[in-house]
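Student:
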Amino acid sequence: MPLLSIHCPPLLVLLNVVVATLSASPSTAQSAAPIVSPSERTTVAPSSDEALSAPPHDQTLDERIDATKITTLKQPPSVSLADAQRAVPPTAIHRVAARGAQIPLDDATFARARTAITRALAALAKLQTTRGTWFENQEVTPTDMEPRARAASVAVTAMALKAFVQAATIDADDALDTRDVNTNANIIARQRARNAIDAVLADPVALDAVLNGGMGNYVMSSIASGLAAVGDSDARANADRAVRWLRDSQWDEAEGVDATKDWYGGAGYGNGKRPDLSNTQMMLDAMHDAGVSADDPAMQRALAFVARTQNRKSTNPADWAQNGSNDGGFVYTPANGGESFASDAAGEGRSGEKLATKSLRSYGAMTYAGFKSMLYAGLSQDDPRVKDALAWIARHFTFAENPGLGQQGYFYYVHAMSRALLASQRNTITDDKDEVHNWRAELIDALIARQRADGTWCNEVARWEESNVALATIYAALALEEAIKPTLVHE
C-alpha cells in the first residue's frame, strides 16, 4: 500500500475527524450483521451465517477480472506433498509468556521485552480515540487503488486489539489480568477496541462499506486474527464469520480461475482486485490464528499461489522465475505476469519491464511471508521449497533493514519475520557465514534501540503508512509479543 506523504507526529496529536459508523457503545457483544460474501454482493444479504457458503463453481471468468491481466501458465504449480514433506503447524499462541523460563531467553532480555511492550501499549492507549479506534480518517492508498480511510481504521484497530489482548500472560485470566502491561488504562483501551469492532460487525451499512471499499481482505483478516486472540464465544463466532468471508473472497474455480491461472488461490485487497502475497499471507495468518487446519482446501489453494511467488525454477513455471535468480526468495505477486517492489527499487521496474529479459528480485518481507505461509499450509522443513526459502533467509538475515527495500516497510518486515521464525520452531538461525543468531534476543534488541522516548515507534521512510506512529507501534508491539510467546511451557 503506497503511502501518502505523512511524517511522524508527536504522541499526543490525535486524529480528530469522527468516523460515525465506528461509534462504540460501552455494551459488550452486539447482534451481528450478516457478512455478505463477494459472490453475493448484488443480492440481498443472507439472514444467517449458513447462507455464506461458497457459490457453485463456474468456469466463466468473473466479470470483475480484467482478462488481459491474468496469465495462464502451461502447468499448475507443483504443490503435491509427499508424506515426508507434511507437517502439522504449531498451534497459534494468543498470549505471551509469564517468565523467561517459558522461552529460550534469559530473564533480563525477557524483562526488557516486557517493559518495551508495556511502554508501547501505554502510548497506544493515549493515541486511541474515544470511539475506541486508531488511524481514524487516515487515508491509505492500497497498491494501484484509490485512497481508503474507514476500512484502514477498522483493520488497524483490530490489530491493536490483538496487541492488547496478547499482552496478557499465559498464566493469568486473559480478561482480568491486572499485572504488568494490563493496567486499568490498557483494559479500558482493549474493551473500547473490542466495542468498536463489534459495532462495525453489527451495523450492516458500516460493514458493507468496509467490505466493499476495496480493502475487505485486509480488514477481515485483521478482524479474524484480533478476535481469535480475544477467544470468548462471541469473539470466536465473529472470527469464524470473518474466515468464511475470506474463503469466499479467495480466487478459485468459483470465479472461473482454475489452477493454471496465476491468480489461483490468492487473495487481493478485495472487491475483485488482483491477488498478492501480502494479502494472501494476511488471509493465512487469520486462518492459522482462528485454528483452520493446514489441510483445509482454502489453505491448500493458497499454497498453490504462494508457490508461484517463489524464485525457484524447478517448481515455478512462470517466465520471470525461469529467467530469474533461482534464489529461493519470494516476490510481491505472480499475478499479471509478476511484480516485485525490490525490482522497482533496483531501477528494473516493478514488473521487471526495464530488463532485456524479465526477471524479478526477491526481498525480505515477502520471503518471510512466503516461508511462513508454506509452514502454515502444512509443508515440513524437509520440503525443498521450505529449505530454499530458509537458505535465502540465512543469506540475508538482518534486523537492520528490509532486505531489498532498505527501510521501506521495516516494521511490517519485522512483524512478518517474527511470526515466521516462531512458526519455524527454531530458536536460532545460522547465517551463511556460520554465525548463530538468537533471533528473539536480536529482534528485541533491534526494536528497543528504535523505540522512542514516548514508547512509540515511527519509520522516517514514509511508505506503506509506517510514518504513522500508531501503525508502526502496533507492528513493533506485535513483533515483540511473537518473540516472547511461550514455547517451553511443557518442557
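Read in order, the letters of the sequence shown correspond to residues 80 to 570 in our numbering. Positions of the beta carbon are idealized from the N, C-alpha and C atoms, including for glycine.
Name the residue from Q360, G351 and D374 whose alpha carbon lies nearest to the alpha carbon of H494.
Tutor: Ranking Q360, G351 and D374 by Cα distance to H494 puts Q360 first.
Student: Starting from the Cα of G457, find the closest Cα among R505, N547 and V371 and give me that residue.
Tutor: G457 has its Cα closest to that of V371, out of R505, N547 and V371.
Student: Given a threshold of 16 other Cβ atoms within 10 Å of its Cβ, counted over all protein chains shown, does V385 qualify as buried or as exposed?
Tutor: Buried, since its Cβ has 16 or more Cβ neighbours within 10 Å.
Student: From which residue to which residue does the beta strand (DSSP E) around V515 run?
Tutor: Where V515 is concerned, the enclosing beta strand (DSSP E) stretches over V515 to N517.
Student: Assign L240 to buried or exposed, taking buried as 16 or more other Cβ atoms, counted over all protein chains shown, within 10 Å of its Cβ.
Tutor: The residue in question, L240, is buried, as its Cβ has 16 or more Cβ neighbours within 10 Å.
Student: Taking C-alpha atoms, which residue in A285, R429 and T248 lies nearest to P413?
Tutor: Comparing Cα positions, the closest option is R429.
Student: Nearest by alpha-carbon distance to R273: which of I472, G310 and P283 is it?
Tutor: Nearest of I472, G310 and P283 to R273, Cα basis: G310.
Student: Can you confirm whether the stretch 429-439 touches the stretch 500-519 when touching is taken to mean that 3 or more C-beta pairs between the two stretches lie within less than 8 Å?
Tutor: Segments in contact, no.
Student: Are the beta-carbon atoms belonging to A176 and P565 less than 8 Å from one another?
Tutor: Contact: yes.
Student: Give the single residue among T394, D406 and T388 whose Cα lies nearest to the Cα of D573.
Tutor: In this structure the chain extends from 80 to 570, so residue 573 is not present and cannot be described.
Student: Terminal residues of the continuous alpha helix (DSSP H) containing I172?
Tutor: Per DSSP, I172 belongs to no alpha helix (DSSP H) and is neither H nor E.
Student: Report yes or no: do three or more beta-carbon pairs, one from the stretch 439-452 and one from the stretch 404-412, lie closer than 8 Å?
Tutor: Result yes; three or more Cβ-Cβ pairs closer than 8 Å.
Student: Going by Cα to Cα distance, which pick from R323, G416 and A525 is closest to D398?
Tutor: Ranking R323, G416 and A525 by Cα distance to D398 puts G416 first.
Student: I'd like the span of the beta strand (DSSP E) that includes T507, first residue to last.
Tutor: Unbroken beta strand (DSSP E) run through T507: T507 to T509.
Student: Between L557 and A242, is the Cβ-Cβ spacing less than 8 Å?
Tutor: Cβ atoms of L557 and A242: closer than 8 Å.
Student: Would you kindly report the start and end of the unbroken alpha helix (DSSP H) that includes N265?
Tutor: Per DSSP, N265 belongs to the alpha helix (DSSP H) from N263 to A281.
Student: Can the beta-carbon of A421 be found closer than 8 Å to that of L484?
Tutor: Closer than 8 Å, so yes.
Student: Quick one: give me the first and last residue of the alpha helix (DSSP H) that S312 is part of.
Tutor: Run containing S312: S312 to S328, per the alpha helix (DSSP H) assignment.
Student: In the DSSP assignment, find the alpha helix (DSSP H) that holds H494 and state where it starts and stops.
Tutor: Per DSSP, H494 belongs to the alpha helix (DSSP H) from Y489 to A502.
Student: Considering only residues of the same chain and omitting the five flanking positions on each side of P482, which have a CB-CB separation below 7 Å?
Tutor: So the qualifying residues of the chain are Y442, G443 and H475.
Student: Using a Cβ-Cβ cut-off of 6 Å (strictly less than) and excluding sequence neighbours within five positions of V336, which residues of its own chain qualify?
Tutor: The answer, listed in chain order, is W330, W342 and Y343.
Student: So what's G485 in DSSP terms, helix, strand or just coil?
Tutor: Three-state DSSP puts G485 in a strand.
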